[in-house]
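Engineer:
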Amino acid sequence: MRPVLSLIVFLPLIAAVALAALPRLGDTAARWMWVAVAAVDLALTAVVWTRYDTPPPGELAFAERAAWIPGVNSSYHIGVDGFSLPLVAMTAVIFLACAVYALRERHRPRAQAALFLFLQSVSLGLFVAADLILFFVFFDLSIVGMYFVIAGWGHGNRAHSALKFFLYTFLGSLALLVGFIGLYVAATPHTFDIPELTATPPLQGRPVAGALVLAAILLGLAVKTPTVPFHTWLPPAHTDAPAVGSAVLAGVLLKMGTYGFVRIAMPMLPQAWRAWAWVVIVVGVVSVIYGALVALAQSNVKRMIAYTSVNHMGYIILAVGVAGLVAADTTQARSVAVAGAVTQMVSHGLITGALFLLAGVLQDRAGTYDMCDFGGLAAPAPTFAALFAVGAFASLGLPAFSGFIAEFQIFTGSIAAAPVTAVAVLGILITAALFLRALQRVFTGDTTGSSVGFTDVRARELWSAGPLLLLSLLIGVLPRPLLEVIEPTAHAVVSLLGR
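Position 18 (the sequence shown) corresponds to 19 in this note's numbering; numbering is contiguous.
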């Protein structure tokens with residue numbers, strides 16, 4: 002079982018190379034090859050999940066290590082713990098859903114399948130990386146892959162949106178690299194190994210240097226997440242990306258930023274994180290409320306969903322900021338908040354991924370996302386209306402869905418540690434209003450405009466978005482299997498912040 006993580010990471014890449022090297026392979030065969038590889042990868046991930054035992058603090062399960070760049074003490078080091086394993090599973094599920102959704106893709110399906118398999122490999126690689134340089138390589142390659150997805154299969158002003166996405170996120174990655182080099186230089190001995198840097202934080206007792214390194218890392222991760230005010234690349238990228246591109250961008254790539262907070266920034270720079278905790282909290286609260294208010298003002302369904310991502314990522318930033326408010330009587334509360342943040346990463350990936358796939362149905366049938374072009378859509382497309390309503394209610398945090406479990410944990414822990422953070426609850430109220438408004442405008446009333454003759458969901462659309470929502474429901478009703486994986490690691494990271 003030891004090399005299983007490498008197989009999970011590189012199997013999609015091998016398939017992508019095979020697709021690129023076999024130009025005579027038919028389009029239909031390429032589509033089904035994508036589905037088959039994604040399904041095998043998910044099955045392998047399920048095997049890892051069933052055999053996973055929480056590793057001791059500071060260690061990783063299923064670890065693999067090999068020399069890579071010995072001159073700077075950087076190695077091919079991978080493994081999983083309670084933070085990374087849920088995101089690996091979520092990534093495998095979302096890419097399989099996208100593969101099913103794209104079964105009828107007619108525009109260069111073989112190239113699309115190869116590109117998404119490449120993206121799957123780099124996404125999985127980032128979540129299992131235990132070396133900062135390895136993390137950075139996968140981080141940057143994800144930017145390149147998504148640029149070509151938007152530019153090659155998007156619509157509208159796709160060239161501009163792809164360029165804006167690339168420039169913003171690549172600039173952020175450069176700041177991240179500067180922060181990583183700062184950690185390497187400060188470490189004794191010099192290393193890029195994540196467990197080693199976590200076990201012995203290199204900038205303890207050097208507040209100025211620690212603050213500068215943390216600022217660089219925070220900038221890189223904040224752009225990727227994104228938080229206010231670094232979010233302006235997100236709405237156009239989502240609006241002009243294809244449905245499967247938006248699902249992967251929101252469901253997987255945004256989590257690379259939030260994952261970086263809990264994997265790198267918090268445990269490696271605990272002293273600086275404590276000093277910056279209130280700054281992070283304020284950014285989180287502003288992102289929650291601003292993202293919800295701007296989403297409420299949208300008349301474009303896809304832009305509305307994009308801005309709700311800013312809102313939902315804000316909850317995660319709030320929770321990880323609260324983790325830095327070290328006090329003896331708040332340790333449990335802060336652990337609950339961090340566990341809620343990781344649960345929110347998984348929940349948002351499933352729910353928002355499904356919503357973007359469903360928004361793609363609007364573009365496919367009517368060529369528009371504008372709410373004003375629809376009305377009474379529930380009559381000709383009742384299954385589509387039901388799926389979108391379920392996704393909307395799941396996204397606003399309705400009980401029995403994963404969003405409720407995540408947000409309940411975040412607010413329970415945050416308010417217990419810092420009561421003033423209760424102001425962020427307004428984000429839930431605004432999110433409820435914006436989704437109810439969208440449901441009313443698009444699905445109720447007389448059937449008018451583009452709703453006339455609208456074809457209900459097809460099998461590939463049902464079997465891509467449907468399972469994502471079903472998983473959200475399953476986590477909402479039976480959260481224990483997920484929380485049992487996340488909570489020990491959350492407690493370990495919070496204990497690191499307390500030292």
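Beta carbons are placed, not taken as given, at the ideal position from N, Cα and C, and that holds for glycine.
Please read these numbers as outputs of a predicted model, since none were measured by experiment.
I'd like to confirm something about Gly-428: is its beta-carbon nearer than 7 Å to some heavy atom of the ligand HEM, or not?
Structural biologist: Although the ligand HEM was asked about, the structure shown includes no ligands whatsoever.
Engineer: Residues in its own chain within less than 7 Å of Leu-198 by CB, not counting five upstream and five downstream?
Structural biologist: Excluding sequence neighbours, Leu-198 sits near Leu-184, Ala-188, Thr-192, Met-269.
Engineer: State the CB to CB distance for the pair Ile-79 and Ala-131, rounded to an integer number of angstroms; the pair is presumed to be in contact (CB under 8 Å).
Structural biologist: Confirmed, about 6 Å.
Engineer: Helix, strand or coil, according to DSSP, for Asp-194 in the structure here?
Structural biologist: Strand at Asp-194.
Engineer: Please classify Tyr-77: does DSSP put it in a helix, a strand, or coil?
Structural biologist: In this structure, Tyr-77 counts as strand in the three-state DSSP scheme.
Engineer: Taking the beta strand (DSSP E) that Glu-106 falls in, what are its first and last residues?
Structural biologist: From DSSP, Glu-106 is part of no beta strand (DSSP E); its letter is neither H nor E.
Engineer: Answer yes if the region 93 to 112 comes into contact with the region 482 to 493, meaning at least three C-beta pairs across the two stretches below 8 Å, and no otherwise.
Structural biologist: No, the region 482 to 493 does not touch the region 93 to 112.
Engineer: Would Val-73 pass as a contact of Leu-116 if the rule is Cβ separation under 8 Å?
Structural biologist: It is not a contact, given that the beta carbons lie outside the stated cut-off.
Engineer: Alpha carbon to alpha carbon, what distance is there between Phe-139 and Ser-122?
Structural biologist: Answer to the nearest angstrom: the Cα atoms are 9 Å apart.
Engineer: Taking the beta strand (DSSP E) that Phe-63 falls in, what are its first and last residues?
Structural biologist: Phe-63 -> beta strand (DSSP E) spans 62 to 70.
Engineer: Assign Pro-71 to one of two classes, buried (16 or more other C-beta atoms within 10 Å of its C-beta) or exposed (fewer than that).
Structural biologist: It counts as exposed.
Engineer: Tell me the start and end of each unbroken alpha helix (DSSP H) in the region 290 to 326 that is at least 4 residues and wholly inside, in chain order.
Structural biologist: Listed in chain order, they are 302 to 323.
Engineer: Report the rounded CA-to-CA distance for Val-311 versus Gly-292, giving the unit in angstroms.
Structural biologist: In a straight line, the C-alpha of Val-311 is about 5 Å away from that of Gly-292.
Engineer: Between Val-186, Phe-444, Pro-87, Leu-497, which has its C-alpha nearest Leu-326's C-alpha?
Structural biologist: If we check each option's Cα against that of Leu-326, Leu-497 comes out closest.
Engineer: Per DSSP, what kind of secondary structure is Asp-132 in: helix, strand or coil?
Structural biologist: Looking at Asp-132 - three-state DSSP - the assignment turns out to be strand.
Engineer: Going by beta carbon distance, what residues of the same chain come within less than 6 Å of Ala-200, once the five residues before and after it are set aside?
Structural biologist: Only Gly-59 meet the Cβ criterion.
Engineer: Taking buried to mean at least 16 other C-beta atoms within 10 Å of its own C-beta, is Ser-85 buried or exposed?
Structural biologist: Flag for Ser-85 reads buried.
Engineer: With distances taken from CA atoms, which of Arg-107, His-232, Gly-221, Gly-477 is nearest Phe-409?
Structural biologist: If we check each option's Cα against that of Phe-409, Gly-477 comes out closest.
Engineer: Let me confirm a value: Val-101 is counted as buried when at least 16 other C-beta atoms fall within 10 Å, else exposed. Which label applies?
Structural biologist: The residue is buried, with at least 16 neighbouring Cβ atoms inside 10 Å.
Engineer: On the criterion of 16 or more Cβ atoms from any shown chain inside 10 Å, does Cys-373 qualify as buried, or is it exposed?
Structural biologist: When all chains shown are included, Cys-373 counts as exposed.
Engineer: What would DSSP say about Asp-374, mapped onto helix, strand or coil?
Structural biologist: In the structure shown, Asp-374 sits in a helix (DSSP, three-state: H, G or I).
Engineer: For Gly-315, tell me which candidate among Thr-332, Asp-42, Val-280 has the shortest Cα-Cα distance.
Structural biologist: Here the closest residue by C-alpha is Val-280.
Engineer: Is it buried or exposed, Arg-335, if we count other Cβ atoms within 10 angstroms and call 16 or more buried?
Structural biologist: The residue is buried, with at least 16 neighbouring Cβ atoms inside 10 Å.
Engineer: Give the list of continuous alpha helix (DSSP H) stretches no shorter than 4 residues that lie fully inside the region 166 to 228.
Structural biologist: The qualifying runs are 195 to 200, 208 to 225.
Engineer: Applying the 10 Å Cβ sphere with the 16-neighbour rule, what's the burial state of Ser-300?
Structural biologist: Result: exposed.
Engineer: Ordered along the chain, which non-local residues of its own chain (more than five positions away) have a Cβ less than 7 Å from that of Ile-144?
Structural biologist: Closer than 7 Å at Cβ, skipping near neighbours: Phe-167, Thr-170, Phe-171, Ser-174.
Engineer: With H, G and I counted as helix, E and B as strand and the rest as coil, what does DSSP make of Pro-468?
Structural biologist: DSSP places Pro-468 in helix when its eight states are reduced to three.
Engineer: Would DSSP call Arg-32 helix, strand or coil?
Structural biologist: Note: Arg-32 maps to helix in three-state DSSP.
Engineer: Pull up the distance between the alpha-carbon of Asp-447 and that of Gly-376, whole angstroms please.
Structural biologist: Whole-angstrom Cα-Cα distance: 6 Å.
Engineer: Can you name, in chain order, every residue of its own chain whose Cβ lies under 6 Å from the Cβ of Ala-296, other than the five neighbours on each side?
Structural biologist: Closer than 6 Å at Cβ, skipping near neighbours: Met-305, Tyr-308, Thr-309, Leu-435.
Engineer: Please tell me whether Val-253 and Gly-350 are closer than 8 Å, where the distance is taken between their beta carbons.
Structural biologist: A contact, by the Cβ cut-off of 8 Å.
Engineer: Have a look at Asp-28 and Arg-111 and give me their C-alpha separation to the nearest angstrom.
Structural biologist: The straight-line gap from Cα to Cα measures roughly 6 Å.
Engineer: Quick one: what does DSSP say Thr-448 is sitting in, helix, strand or coil?
Structural biologist: If DSSP states are grouped into helix, strand and coil, Thr-448 belongs with coil.
Engineer: Can you tell me whether DSSP reads Val-453 as helix, strand or coil?
Structural biologist: Three-state DSSP puts Val-453 in coil, outside helix and strand.
Engineer: Tell me where the alpha helix (DSSP H) around Trp-277 begins and ends.
Structural biologist: Looking at the DSSP string, Trp-277 is not in any alpha helix (DSSP H), and its letter there is neither H nor E.
Engineer: Determine, using beta-carbon pairs with one atom in the region 394 to 410 and one in the region 452 to 468, whether at least three such pairs fall under 8 Å.
Structural biologist: No: the two stretches stay apart, fewer than three of their Cβ pairs being nearer than 8 Å.
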